[in-house]
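Peer 1: Structure below; questions to follow.
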Amino acid sequence: MDRSRDGSAQTPEAREAGRPAHGRSGSATGLGVPRASQLFIPTLREDPGDAEAASHRLLVRGGFIRQVGAGLWTYLPLGWKVHEKAVQIVREEMDAIGGQELLMPVLTPAELWQASGRYDIPEIYKLEDRAGRPFILPMTHEETVTFHAREIRSYRELPQILYHFQTKNRDEPRPRGGLLRVREFIMKDAYSFDRDEEGLEESFQKHAGAYRRIFERCRLEFHEVQAEPGMMGGSESIDYLAPSGSGENTLVTCERGDYAADLEIARGIPRPAEFPAALAAPEEVETPGVKTIEGLAELLGIDAAATSKAMPVVRPDGTLVLGLVRGDDRLSDSKMLGVLGSDYRAATDEEIRSAFGASGGSLGPVGLELDVIADEALRDGQFVAGANRDGRHLRGVEAGRDYAPRFADIREPRDGDRCPRCGGALTFQTAIEVGHIFKLGTRYSKPLGATFLDEAGEARPIMMGSYGIGPGRIVAAAVEQGHDEHGIAWPRALAPYDVHLVPIEAAGAEAMATAEQLADTLEGAGFTVLVDDRDRRPGEKFADADLIGLPYRITVGKKTVEDGRVDLLVRSGRQEERVAVGDVPERVGGL
RNA sequence: CGGGACGUAGCGCAGCCUGGUAGCGCGCCUGCUUUGGGAGCAGGAGGCCGCGAGUUCGAAUCUCGCCGUCCCGACCA
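Counting from 1 along the first sequence, just add 258 to a position and that's the residue number in this note's numbering.
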């Protein structure tokens, strides 16, 4: 215990014993309610110059966080309180589904990651100890937890759920947006261990339930969507997306509420194309100088949706594949990745020239030896396609008749698409990914040798799942969803304190005494209170209170104190009401 | 990693084009007056102008290199 700060003769035990039973947090001084005059809450009058996202701006201005380097942030005392509120909610819900909290180290021997095959992921930080032994700073803990799961020997010891809150490091190519994408952050990562698919499904659903409760308790608007498993491998994954003004994901939802998906895998029904009269066979037309779909549609006087767009790509083994989408659509990178089952890159001009005998702008699927992957939207109808001769296109190209593609959904949904379930209008919003859960299967248990013996005495790899939540992203999403031009409006579940008590200095000793007394009463009633006892002008105190965003603000001034009343303001609304001092706890509790 | 921008007092910025004593607003310190939405007056402190080379009698300013930060893209549990 740090005695240097506190010269009192109080022993830790006495201090502990003196703490109130209802668990309110201690004050900064060791005496009474936390006072702004003695806390480190450096608010800023102006927006930081390099911040754009609302959460970034307001968390910095409100004195919650400060930047140390790109993607590296300190949680100041106020910000850490919010973070820990989120952590506690996550912890309670994880424990409620039988999760067992532990703590695994950050510093990790490289050999674990070499064994899983993830050592070469570019995002991991690599380092050595003084003897030259290789270590990494992991981005998640599958390898380490699987290392421990090797101690599970029998089906009798399954299932298990283990989790921890631990610092993760990622050498992000581009950190951004304050807490939205960072290089070091705390993550709750949980891992489930089951004997078979059915067990995994059960663990997976338990987590899905816990996640819904967590985000509901945090008062976040969120959507549970099917997602891409990405580099984690594994069969199924669900993303939890919180719509926000800033973020890196695009959430696609149906106006009727029956469909929600991440843009990367979302399906949309494109508007129907208007086709010209059908032709019995493709017919070549001169299209000199036409390089774009717009130019082509204009020249021929047709709907851009009645054209097709060819996107030649190259796989790592050098094979060329032609992706074909409708002229007005965009190829979806993530979907293409899924269809190809491998990495790919756009073909270079030279590769295009030698394979097609034409350049960019005039490519089409007819008469090719290559694999052609055509979007579903091209299944029916006749489209204009490149002729594979510069300056020429083909009219009336029909899939099946004129070329033999493999059909797949490879278009990126866009504005104007209809819902694949009900035909309703789709809307697109940016969103923050606040959680992601995965079925890993035996992706890690096999290479790391985590097996158990079943009833038949046969060794089988453990079925695993992995479940992540970023408390820092919950914090950012809460601000994105709860703020106005004056500052943050925290939900009570995440607010660093419940009540901001603002005595007006000039109102005199009586007002101060009333404030002190009210603070104690409120704390006694189970609320946490921050008293702004700073020697500042009222306007400044109000501005800071708006910025910091505690759910309730109580003003004690000479206007009110004379008749034993105070002004109560709910941060999320803007209406203020005058309440008798004695009625305050009940009034606040009822809100 | 590609494209763009920025780095000057604690914060937000001007000055740079056209080289010659480093400025403004806010904040900070002292005093007095003020006090229900970021006060007024007076006085004061605070700068390796990102770093390093070069050009020049002289560089915040011109040139080159490097570093850092932000935005778009690529990337992305």
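Glycine included, every Cβ here is placed at the ideal spot set by N, Cα and C. Since the structure is predicted, the reported quantities are computational estimates derived from the model, not experimental observations.
Within a Cβ cutoff of 7 Å, which residues of the same chain sit near Q640, ignoring the five residues on either side of it in sequence?
Peer 2: Within the same chain, Q640 has close Cβ partners F533, A536, L537, G654, V655, E656.
Peer 1: Comparing C-alpha positions only, which one of Y725, I323, V692 sits nearest to A500?
Peer 2: Per the Cα distances, V692.
Peer 1: Identify which residue in Q325, K384, F405 has its Cα closest to the Cα of E709.
Peer 2: The question names Glu, but residue 709 in the sequence shown is Thr. Here the closest residue by C-alpha is F405.
Peer 1: Mind checking D841: buried by the 16 CB within 10 Å criterion, or exposed?
Peer 2: The residue is exposed, with fewer than 16 neighbouring Cβ atoms inside 10 Å.
Peer 1: Go to P570, then tell me how far its beta strand (DSSP E) extends in each direction, as first and last residue.
Peer 2: Taken as a continuous stretch (DSSP letters only), the beta strand (DSSP E) holding P570 covers 566-572.
Peer 1: CB-CB under 7 Å to D454, same chain, minus the five flanking residues each way: which ones, in chain order?
Peer 2: The answer, listed in chain order, is M721.
Peer 1: Nearest to G467 by CA position, among A555, E350, P530, E556, is which residue?
Peer 2: Answer by Cα proximity: E350.
Peer 1: Mind the definition here: the stretch 332-339 touches the stretch 366-373 only if three or more C-beta pairs lie below 8 Å; say whether that holds.
Peer 2: Flag = no, the stretch 332-339 and the stretch 366-373 do not touch.
Peer 1: Report the residue from G822, D742, I695, T577 whose alpha carbon sits nearest the alpha carbon of A801.
Peer 2: Among G822, D742, I695, T577, the Cα nearest to that of A801 is on D742.
Peer 1: Can you look up Y469 in the DSSP assignment and give me helix, strand or coil?
Peer 2: In the structure shown, Y469 sits in a helix (DSSP, three-state: H, G or I).
Peer 1: When the Cα of V789 is compared with those of L805, T813, A783, which residue comes out closest?
Peer 2: Checking every option, the nearest Cα to that of V789 belongs to T813.
Peer 1: Beta-carbon within less than 6 Å of E834's beta-carbon, same chain only, minus the 5 sequence neighbours each way: which residues are those?
Peer 2: For E834, where only same-chain residues beyond five positions count, the Cβ hits under 6 Å are D825, L827.
Peer 1: Write down the C-beta distance between L652 and L578 rounded to the nearest angstrom, noting that I regard them as a contact closer than 8 Å.
Peer 2: Between L578 and L652 the Cβ distance is about 20 Å, and since that is not below 8 Å, they are no contact.
Peer 1: Span of the beta strand (DSSP E) holding S495?
Peer 2: Segment 494-501, the beta strand (DSSP E) holding S495.
Peer 1: Tell me the residue span of the beta strand (DSSP E) that contains A632.
Peer 2: Run containing A632: 629-633, per the beta strand (DSSP E) assignment.
Peer 1: For R664, which residues does DSSP report across the bridge?
Peer 2: Paired residues: I631.
Peer 1: Give the DSSP-derived three-state secondary structure of T511 in the structure shown.
Peer 2: Reduced to three states, the DSSP call for T511 is strand.
Peer 1: Can you tell me whether E716 is buried or exposed? The criterion is at least 16 other CB atoms within 10 Å of its CB, across all chains shown.
Peer 2: So E716 ends up on the exposed side.
Peer 1: Compute the beta-carbon to beta-carbon distance between M445 and G728, rounded to the nearest angstrom, for a pair I have assumed lies under 8 Å.
Peer 2: Their Cβ separation, rounded to whole angstroms, is 5 Å, which keeps M445 and G728 in contact under 8 Å.
Peer 1: Any idea what DSSP makes of S295, helix, strand or coil?
Peer 2: Helix at S295.
Peer 1: Consult DSSP for H406 and reduce its assignment to one of helix, strand or coil.
Peer 2: Helix.
Peer 1: What residues in its chain sit with their C-beta under 7 Å from that of D648, if we drop five residues either side in the sequence?
Peer 2: Only A616, S617, S620 meet the Cβ criterion.
Peer 1: Tell me, to the nearest whole angstrom, how far the beta carbon of R584 is from that of P663; I am working on the premise that it is less than 8 Å.
Peer 2: About 13 Å; that fails the 8 Å criterion.
Peer 1: Mapping the DSSP letters down to three states, classify R838 as helix, strand or coil.
Peer 2: The residue asked about is misnamed: residue 838 is Ala in this sequence, not Arg. DSSP places A838 in strand when its eight states are reduced to three.
Peer 1: Can you check whether the CB of R792 is closer than 7 Å to the CB of S295?
Peer 2: In this structure, R792 lies closer than 7 Å to S295 by Cβ.
Peer 1: Quick check on DSSP: helix, strand or coil for F322?
Peer 2: Correct three-state label for F322: coil.
Peer 1: Give every residue of the same chain whose Cβ lies closer than 6 Å to the Cβ of E386, excluding the five residues on either side of it in the sequence, and list them in chain order.
Peer 2: If we look at E386 and ignore the five residues flanking it on each side, its Cβ neighbours are P392.
Peer 1: Going along the chain, which residues of its own chain have a beta-carbon closer than 6 Å to the beta-carbon of Y856, five neighbours each way excluded?
Peer 2: Residue 856 is absent from the model: the chain starts at 259 and stops at 849.
Peer 1: Secondary structure at D452, three-state DSSP: helix, strand or coil?
Peer 2: Of the three classes helix, strand and coil, the one that applies to D452 here is strand, per DSSP.
Peer 1: Given this structure, state the Cα-to-Cα distance separating H744 from T565, to the nearest angstrom.
Peer 2: Each residue's Cα considered, the two are about 50 Å apart.
Peer 1: Helix, strand or coil for H399, going by three-state DSSP, please let me know.
Peer 2: Coil.
Peer 1: For K384, which three-state DSSP category applies?
Peer 2: Three-state DSSP puts K384 in a strand.
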